[in-house]
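**Q**
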Amino acid sequence: MRAMIQTEFGDPSVLQLAQIETPKPKPNQVTLRVRACGVCGHDLLERKGVMRHGVVFPMVHGHEVAGDVVEVGDAVQSLKVGDRVASLQRDPCGHCHYCRRGQESSCLNNVFIGHNGTTGGYAEFMTVGERALAKLPPEVSYEHGAVLACSAGTILHAVREEAKVRPGETVLVTGAGGGLGMHSVILAKLFGGKVIATTTSEAKVDALKAIGADEVVVAPDNDFTAEVKRITGGYGVDVVLDNVGAPVFKPALKVMAPYGRFIVIGQVTSDEIRFNPAFLIFKNISLIGSKSTHWQELEDMIELTRRGQFTPVIAAVMPLTEAREAHVMLEERKAAGRVILVP
1197 MRAMIQTEFG
1207 DPSVLQLAQI
1217 ETPKPKPNQV
1227 TLRVRACGVC
1237 GHDLLERKGV
1247 MRHGVVFPMV
1257 HGHEVAGDVV
1267 EVGDAVQSLK
1277 VGDRVASLQR
1287 DPCGHCHYCR
1297 RGQESSCLNN
1307 VFIGHNGTTG
1317 GYAEFMTVGE
1327 RALAKLPPEV
1337 SYEHGAVLAC
1347 SAGTILHAVR
1357 EEAKVRPGET
1367 VLVTGAGGGL
1377 GMHSVILAKL
1387 FGGKVIATTT
1397 SEAKVDALKA
1407 IGADEVVVAP
1417 DNDFTAEVKR
1427 ITGGYGVDVV
1437 LDNVGAPVFK
1447 PALKVMAPYG
1457 RFIVIGQVTS
1467 DEIRFNPAFL
1477 IFKNISLIGS
1487 KSTHWQELED
1497 MIELTRRGQF
1507 TPVIAAVMPL
1517 TEAREAHVML
1527 EERKAAGRVI
1537 LVP
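First residue of the sequence shown? That's 1197 in my numbering, and the numbers climb one at a time after it.
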């Protein structure tokens, strides 16, 4: 089968089209015919070597997958050949402490899809455990299904479970022009928030307003503090959904209102941050990390999409052979939403 493989760290040119063996499912796995795979910033960080945990060469990226079941292992019970499915980012064990609590993203035995020698979605076929998959109804396209766990479900978890956004609260979304950011805007609005979106790109302003952002602040240098304070009348924001990390941490922290919740979702660099914890104490601010998607959250995103309450933002749909170009689009911040590869 065809796959885009990586055998060393580097720029997008390290992604190479190759013929590799089609994987066979283990007893608790299925083989998928990949129909769509999202390109995540996580892929770029691993390609460059910023993130190396779980990286085994040759590597096939892709943890945002939708496709058709074409073969099932002997122990598979919930899926059959022909089922349309979407994947979680991680393949959970189903029986550890966290899996039993419905917190599969923290599974003690999980394998991140595309890690440790597994084949990700930058390929025509892949194998994955049945516990990592949810069925897609016919009303939900493969392109939309591919991003419902990572790009959208991650944000549902952040907005609903960690930030607990309430109607009327002001929500600041950093990195709002990317895949996570745009879905942060949509879901924060769905839960009743007033959304201030920040972006480094003037070209993304209209797209952000079109999906519901109440205010858009363009800050090429990430210095948005004064403008956000002006918009909020000096009060500040109740919630920060931070999809960027270190580059915006301090300006975002400065605009927090008392009793605010600062949700750390993304970290696009390896930089560390120094700050005085007294700032959190004196303003009663909660600093919360938010990771990934549980299985029920993927199910919920599928249902929201099926009912028309949520529509994923797709910047471009490209053939698998253009994976390099897709990575360049993300690195140059030209993608307003998610880029999808189709094998």
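We put the beta carbon where it would ideally sit given N, CA and C, even for glycine.
Starting from Met1378 and walking both ways along the beta strand (DSSP E), at which residues does that stretch end?
**A** That residue, Met1378, is in no beta strand (DSSP E); its alpha helix (DSSP H) goes 1375–1386.
**Q** In terms of residue numbering, what span does the alpha helix (DSSP H) encompassing Gln1190 cover?
**A** Only positions 1197 to 1539 of the chain appear in this structure, which leaves residue 1190 out of reach.
**Q** Can you tell which of Ala1232, Asp1239, Pro1208, Pro1254 has its C-alpha closest to the C-alpha of Ile1216?
**A** Pro1254
**Q** Of the residues Leu1344, Val1412, Asp1239, which one's Cα is nearest the Cα of Arg1520?
**A** Asp1239
**Q** Cβ of Glu1141 within 8 Å of Cβ of Ala1342?
**A** In the structure displayed, the chain extends from 1197 to 1539; residue 1141 sits before or after that span and is not available.
**Q** May I ask which residues mark the beginning and end of the beta strand (DSSP E) holding Asp1434?
**A** 1433–1438
**Q** If I follow the unbroken alpha helix (DSSP H) through Met1247, where does it start and stop?
**A** Neither: Met1247 is in no alpha helix (DSSP H) and is coded neither H nor E.
**Q** In chain order, which continuous runs of the alpha helix (DSSP H) of length 4 or greater are located wholly inside the region 1255–1338?
**A** 1293–1296
**Q** Between the region 1483–1496 and the region 1300–1307, do three or more beta carbon pairs fall short of 8 Å?
**A** yes
**Q** Roughly how many angstroms lie between the CA atoms of Ala1354 and Ile1459, to the nearest whole one?
**A** Their backbone Cα atoms lie some 7 Å apart in a straight line.
**Q** If Val1268 sits next to Pro1221, beta carbons under 8 Å apart, how far is it from one beta carbon to the other, in whole angstroms?
**A** 7 Å
**Q** Along the alpha helix (DSSP H) that carries Arg1426, what are the first and last residues, could you check?
**A** 1421–1427
**Q** Less than 8 Å between the beta carbons of Leu1352 and Leu1275, yes or no?
**A** Result no, Cβ atoms of Leu1352 and Leu1275 do not sit closer than 8 Å.
**Q** To the nearest whole angstrom, what separates the beta carbons of Ile1382 and Ile1407, a pair I think is in contact under 8 Å?
**A** 5 Å
**Q** Cβ of Leu1211 within 8 Å of Cβ of His1523?
**A** Judged by their CB atoms, Leu1211 and His1523 are nearer to each other than the 8 Å cut-off.
**Q** Let me check understanding here. Comparing Cα to Cα, which of Leu1526, Glu1527, Pro1515 lies closest to Ala1232?
**A** Pro1515
**Q** Please return the same chain residues whose Cβ sits closer than 6 Å to the Cβ of Glu1398, not counting the five positions on each side in sequence.
**A** Val1414
**Q** Could you tell me the alpha carbon to alpha carbon distance between Gly1250 and His1257, rounded to whole angstroms?
**A** 12 Å
**Q** Ordered along the chain, which non-local residues of its own chain (more than five positions away) have a Cβ less than 8 Å from that of Leu1483?
**A** Phe1458, Val1460, Leu1476
**Q** Distance, Cα to Cα, Met1525 vs Ala1531?
**A** In this model, Met1525 and Ala1531 are separated by some 6 Å (Cα to Cα).
**Q** Please classify Pro1363 as buried or exposed, where buried requires at least 16 other C-beta atoms within 10 Å of its C-beta.
**A** If you draw a 10 Å sphere on the C-beta of Pro1363, you find fewer than 16 other C-beta atoms in it, and that means exposed.
**Q** Look at the alpha carbon of Ala1372 and the alpha carbon of Phe1420, and state the distance between them as a whole number of angstroms.
**A** 13 Å
**Q** I need the straight-line Cα distance from Val1324 to Ala1262, nearest angstrom please.
**A** 12 Å
**Q** Starting from Ile1477 and walking both ways along the alpha helix (DSSP H), at which residues does that stretch end?
**A** 1474–1479
**Q** Looking at Thr1366: is its Cβ nearer than 8 Å to the Cβ of Val1433?
**A** yes
**Q** Here's the rule: buried if 16 or more other CB atoms are within 10 angstroms of the residue's CB, otherwise exposed. What is Asn1306?
**A** buried
**Q** With DSSP as the reference, label Ser1156 as helix, strand or coil.
**A** A question about residue 1156 goes unanswered here, because the residues of the chain that appear run from 1197 up to 1539.
**Q** To the nearest whole angstrom, what separates the beta carbons of Leu1284 and Leu1494, a pair I think is in contact under 8 Å?
**A** 6 Å
**Q** Does the separation of the CB atoms of Pro1333 and Arg1503 fall below 8 Å?
**A** no
**Q** I need the boundaries of the alpha helix (DSSP H) containing Leu1368, first residue and last residue.
**A** From DSSP, Leu1368 is part of no alpha helix (DSSP H) but of the beta strand (DSSP E) over 1366–1370.
**Q** On the DSSP bridge list, what partners appear for Met1514?
**A** Leu1537
**Q** Could you compute how far the alpha carbon of Arg1534 sits from the alpha carbon of Met1378?
**A** 9 Å
**Q** Determine, using beta carbons only, whether Ala1453 and Tyr1431 come nearer to each other than 8 Å.
**A** yes
**Q** Determine the closest residue to Ser1209 out of Glu1357, Glu1518, Glu1528, Pro1223, with distance taken between C-alpha atoms.
**A** Glu1518
**Q** Would DSSP call Val1343 helix, strand or coil?
**A** Judged by DSSP in its simplified three-state form, Val1343 adopts coil rather than helix or strand.
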